[in-house]
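Read through the structure below, which is laid out as structure tokens, and then see the notes.
2 protein chains.
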Amino acid sequence: MVEVVILGTGNVAFHIFQTFSEAKNIRVIQVYNHKKVSLKSFSKLIDTTTNIHNLKPADFYLLALKDDVISEIAQQLNNHKGIILHTSGAIGLNALQSATNFGVFYPLQSFSKNNTVDFTEIPICIEANSTENLEKIKSLALEISTDVREIDSEQRKALHVAAVFVNNFSNHLYSIGAEICDDHGIDFSILKPLITETALKIKNLKPREAQTGPALRNDQKTIETHLALLPNKHKHIYNLITQSIQDLHGKKL
Amino acid sequence: MVEVVILGTGNVAFHIFQTFSEAKNIRVIQVYNHKKVSLKSFSKLIDTTTNIHNLKPADFYLLALKDDVISEIAQQLNNHKGIILHTSGAIGLNALQSATNFGVFYPLQSFSKNNTVDFTEIPICIEANSTENLEKIKSLALEISTDVREIDSEQRKALHVAAVFVNNFSNHLYSIGAEICDDHGIDFSILKPLITETALKIKNLKPREAQTGPALRNDQKTIETHLALLPNKHKHIYNLITQSIQDLHGKKL
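Written out as structure tokens, the structure is:
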């Protein structure tokens, strides 16, 4: 049984708290946040503290915090022997170098408060300051996920950018789709099966092979009809992605 | 039992042929293409013809053809009493007005040759030149799908643009994600659970509410780190979608 203190109360902290609490060999023993109000939903379930000097001895201190405070908080945990972990895609391992034992525990998923998350298939990207710590972090990660991968800081940064494209940016394209539907009195739900199919298709096909549409076909007539129908604010995105598709697939505009 | 002649042998024709063949009350009686070689995979299963003047009498003539030949082919079907249908998102109902009975049968989905498709939940957008024909088309559509919606030509055009955003453009963002992974020695499969979750999340949340990421948080430091890591060709897309997210959510760059 390993004992974990979680620092932070945001979406990542919340979901990791939940999955750790259900794991057989993990015991969350404390949750920290500097604001008492943020601890409200945890305080009925677990010991909480707003005082960083009152953290309990533990095997792991999981910093599920905003990127810009990770290094600073880590420095205040100098005296702890447990492994200090952060959960950020964008922050290097060396942000924790003031500690003795440290590593990264980055679950590659987008967390929202109101969504239940099954961690079993979520890739956990791990990194550590020593082989011994890496093994310990791996064991921790395998308690909740079947997909644990060693990813170094440079790769993790690249992965974080890639995640922005496939997650944040795709979701924004869904928002634009919803806006176009609203503007024309169409129920957005009509697009949901297409959105699902688009995502599921790349389970078996490379995205490049799955590409379809007027940009790929270089169907200028349809492209012009689409541009005529779009408000200016969306024309630029339409043009730029159309051109990017044609560049990737070697078509001429 | 209604009888259908399918004109065209592309992905849409192929998948509609398959689902119609399995439907209880539909009988596909003939497939037409002007090229004999294109009919090869159909000719063992069904009567085929390359001669448009040899089409059999049928209740429906389904034109699953390239947009730019729909009107021309429809004109050659003047003497048929069956309902002439096209399957295009981009073409208006009036492209078929040379016929007596006509309408639109637009399945809102992206079809690839090597993907099996379950039509049950695919929205079928229908339109017709008369209430009577609309009812007949509706009955046909309900044979294969539970989601049949009356959508007029203007709405269908808007829907087609929205579909380009959520399907073609999202898929291209997956391609960019895959490219970034390749460039950094990361197996693209690591992004697949995130892609699936991103698509599934909007079943319960509006895309606008599901938005997360550095653009939404106006996290300049992360945005700059991402831009520094990206090749020039992807910087423009990153910047433009970041700005579009901030415009939609009322953040300032």
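Which chain is which? The protein sequence lines are A and B, in order.
Numbering-wise (UniProt numbering), the first sequence opens with residue 1 and increments by one.
Numbering-wise (UniProt numbering), the second sequence opens with residue 1 and increments by one.
No residue lacks a Cβ here, since even glycine has one placed at the ideal position from N, Cα and C.
Spatial distance of residue i from residue j (CA atoms)
i               : j               : result
E143 of chain A : K56 of chain A  : 22 angstroms
S112 of chain B : G10 of chain B  : 9 angstroms
T196 of chain B : F169 of chain B : 16 angstroms
L253 of chain B : Q246 of chain B : The pLDDT assigned to L253 of chain B is 46, lower than 50, so where the model puts this residue is not dependable; a value taken from the coordinates is nonetheless given after this. Their Cα atoms are separated by approximately 7 angstroms.
T50 of chain B  : K36 of chain B  : 6 angstroms
T120 of chain B : Y106 of chain B : 14 angstroms
I137 of chain B : P214 of chain A : 27 angstroms
V2 of chain A   : H226 of chain B : 35 angstroms
G89 of chain B  : D59 of chain A  : 58 angstroms
T212 of chain A : Q109 of chain B : 11 angstroms
D182 of chain B : G103 of chain A : 25 angstroms
T146 of chain B : I241 of chain B : 35 angstroms
I26 of chain B  : L62 of chain B  : 13 angstroms
Y238 of chain A : F165 of chain B : 8 angstroms
N204 of chain B : N78 of chain A  : 43 angstroms
D152 of chain B : N33 of chain B  : 28 angstroms
F42 of chain A  : V31 of chain A  : 7 angstroms
S5 of chain A   : A141 of chain A : In the sequence as presented, Ser is not what sits at residue 5 of chain A; that position holds Val. Cα-Cα distance, rounded: 15 angstroms.
S98 of chain A  : A23 of chain A  : 30 angstroms
H249 of chain B : Y174 of chain A : 14 angstroms
K201 of chain A : H236 of chain B : 27 angstroms
S189 of chain A : E224 of chain B : 35 angstroms
D67 of chain B  : I16 of chain B  : 17 angstroms
I176 of chain B : T222 of chain B : 19 angstroms
E179 of chain B : A228 of chain B : 16 angstroms
G219 of chain A : H172 of chain B : Sequence inspection shows Asp at residue 219 of chain A; the Gly mentioned does not correspond to that position. Cα to Cα, the separation comes out at about 17 angstroms.
V148 of chain B : E135 of chain B : 11 angstroms
Buried or exposed by the 16-neighbour rule on C-beta atoms within 10 Å, applied to residue i
i               : result
A199 of chain B : buried
I52 of chain B  : exposed
P231 of chain A : exposed
V69 of chain B  : exposed
L85 of chain A  : buried
L45 of chain B  : exposed
A13 of chain B  : buried
N94 of chain B  : exposed
S21 of chain B  : exposed
T19 of chain B  : buried
S244 of chain B : buried
G8 of chain B   : buried
K206 of chain A : exposed
T48 of chain B  : buried
Endpoints, the alpha helix (DSSP H) within which residue i is located
i               : result
P193 of chain B : 192-201
V148 of chain A : From DSSP, V148 of chain A is part of no alpha helix (DSSP H) but of the beta strand (DSSP E) over 148-150.
I245 of chain A : 232-248
V12 of chain A  : 11-22
E72 of chain B  : 70-75
S177 of chain B : The sequence given here has Gly at residue 177 of chain B, not Ser. 170-183 is the span of the alpha helix (DSSP H), which, as asked, contains G177 of chain B.
V161 of chain B : 153-163
L227 of chain B : 220-229
L7 of chain A   : Segment 2-7 is the beta strand (DSSP E) holding L7 of chain A; no alpha helix (DSSP H) there.
E135 of chain B : 131-142
Limits of the beta strand (DSSP E) - the one that residue i falls within
i               : result
A128 of chain B : 124-128
H86 of chain B  : 83-86
T63 of chain B  : Looking at the sequence provided, one finds Leu at residue 63 of chain B rather than Thr. Start and end: 60-63.
Q30 of chain A  : 26-32
F105 of chain A : 102-107
Residue-chain proximity (residue i, chain C), Cβ-Cβ < 8 angstroms
i              : result
D67 of chain B : The structure shown contains no chain C; its protein chains are A and B.
* To do: Scan the region 154-175 of chain A for residues whose Cβ lies nearer than 8 angstroms to a Cβ of chain B and list them as they occur along the chain.
  => Listed in sequence order: E154, Q155, K157, A158, L159, H160, V161, A162, A163, V164, F165, V166, N167, N168, F169, S170, N171, H172, L173, Y174, S175.
* **Interfacial residues, the region 109-133 of chain A to chain B, with Cβ spacing under 7 angstroms** => Residues passing the 7 angstroms Cβ filter: Q109, S110, S112, N115, E121, I122, P123.
* Please name the residues in the region 177-188 of chain A whose beta-carbon is closer than 9 angstroms to at least one beta-carbon of chain B, in chain order. => Residues of the region 177-188 of chain A with a C-beta atom less than 9 angstroms from some C-beta of chain B are G177, A178, E179, I180, C181, D183, H184, G185, I186, D187, F188, listed in chain order.
* Where the region 201-213 of chain B meets chain A: residues whose CB sits under 9 angstroms from a CB there -> Here the close residues are K201, I202, K203, N204, L205, K206, P207, R208, E209, A210, Q211, T212, G213.
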